[in-house]
Amino acid sequence: MTSRLVYDDDLRLAHVIADQVDAHTMERFGAVDLRVETKPDLTPVTDADRHAEEIVRSQLSRTRPRDAVLGEEFGETGHGSRRWIIDPIDGTKNFVRGVPVWATLIALVDAETVVAGVVSAPALGRRWWAAQGSGSWTGRSMSQARRLRVSGVRSIEDASFSYSSLTSRRDVGKLDSFIELADTVWRTRAYGDFWSYMLVAEGAVDAAAEPELALHDMAAPSIIVSEAGGRFTSLTGTDGPWGPGAIASNGPLHRSVMGYLGH
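The opening residue of the sequence shown carries number -3 in my numbering; numbering runs sequentially from there.
In structure tokens, the structure reads:
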């Protein structure tokens, strides 16, 4: 019980930080002076991404000075068993183009276990969160929330499956297997990024997968899916956000999806 209370305190802090980041990112969303650059990996980054991560780091330096921080834009700082994993804007391409499907991802890893996570999508007016042993939730605040549960679908033929893109499957040599899976399931939609996993946690989608992800993409979604009763693994079947890639499901469908897309 004591550890749960500790992580709930960390979760409250993550909410406070997410509120501050949301205010900044919403101010920059659609701004005519938004500055967009291309990183060495050919993905876009904006001034909003960088400042959002700076906000997170500044707050953590004051409130959790002994914790390490790993962020998409500024790498890793600090040492210790407790490490905050940050994606300041997951879905930057959407952010740049004015598509409201983007979010700030904040997670806490303690001794290589994700113990708390927040996914905040202010342009959608949505937020999801979880702490170890406390379940997964969505709502406007921790006091105004509903608990999440994954779906009860047990047959792959009845499943709704979400993915990122066809080209990502082609790049890892799994396009044929993906098409076979798409032909088998009831429905496919490319919700992509964080949203696929939040829909799995909500029970609106039964499974989701992406082949090329970093830890900051997966840490917060992984605990939200798991605490909602689902399963989140790498493409090789390792539980948690440790890659390569990710498969998330309601649990009963996991082995079937792994059979098509696993490595």
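The C-beta atom is built at its ideal place from N, Cα and C for all residues, glycine as well.
Fair warning: this is a prediction, and the values are worked out from it, not measured in the lab.
Identify whether residue i lies in helix, strand or coil by the three-state DSSP scheme.
i, result
"P84", "strand"
"H46", "The question names His, yet the displayed sequence has Arg at residue 46. If DSSP states are grouped into helix, strand and coil, R46 belongs with the helices."
"T229", "strand"
"P288", "Outside the displayed span of the chain (-3 to 259) sits residue 288, for which this structure offers no information."
"Y159", "strand"
"A210", "coil"
"S93", "It should be noted that the sequence gives Arg, not Ser, for residue 93. In this structure, R93 counts as helix in the three-state DSSP scheme."
"A141", "strand"
"A119", "coil"
"Y256", "helix"
Please work out which residues of its chain come closer than 6 angstroms, Cβ to Cβ, to residue i, disregarding the five sequence neighbours upstream and downstream, and give them in chain order.
i, result
"R136", "none"
"P207", "S164, V168 and G241"
"A197", "S132, L144, I220, V221 and A224"
"V146", "G199, A224, G225, G226 and N246"
"Y3", "V111, A112, A127 and Q128"
"G67", "E49 and I82"
Provide the residue(s) that pair with residue i in DSSP beta bridges, ordered along the chain.
i, result
"E72", "L66"
"A126", "G113 and S132"
"V105", "R79 and V110"
"Q55", "DSSP lists no partner for Q55."
"A244", "A204 and F228"
"D235", "T229"
"R185", "S158"
With the cut-off set at 8 angstroms, would you say residue i and residue j are in Cβ contact?
i, j, result
"D43", "R31", "yes"
"L209", "W125", "no"
"V114", "H11", "yes"
"I152", "T184", "no"
"F174", "A203", "no"
"I102", "E49", "no"
"T100", "V41", "no"
"P217", "Y187", "no"
"M22", "A119", "yes"
Can you give me the Cβ contacts of residue i inside the same chain, cut-off strictly under 8 angstroms, excluding the 5 residues immediately before and after it?
i, result
"G258", "L231, T232, G233 and I243"
"M(-3)", "Below a pLDDT of 50, predicted positions are generally treated as unreliable, and M(-3), at 32, falls in that range; the measurement from the model is reported next regardless. Result list for M(-3): empty, nothing under 8 angstroms."
Take residue i and list the residues in its own chain whose beta-carbon comes closer than 7 angstroms to its own, dropping the five residues that flank it on each side.
i, result
"L56", "D63, V65 and W80"
Within the segment -2 to 31, note down every full alpha helix (DSSP H) run reaching 4 residues or more, in order along the chain. -2 to 24
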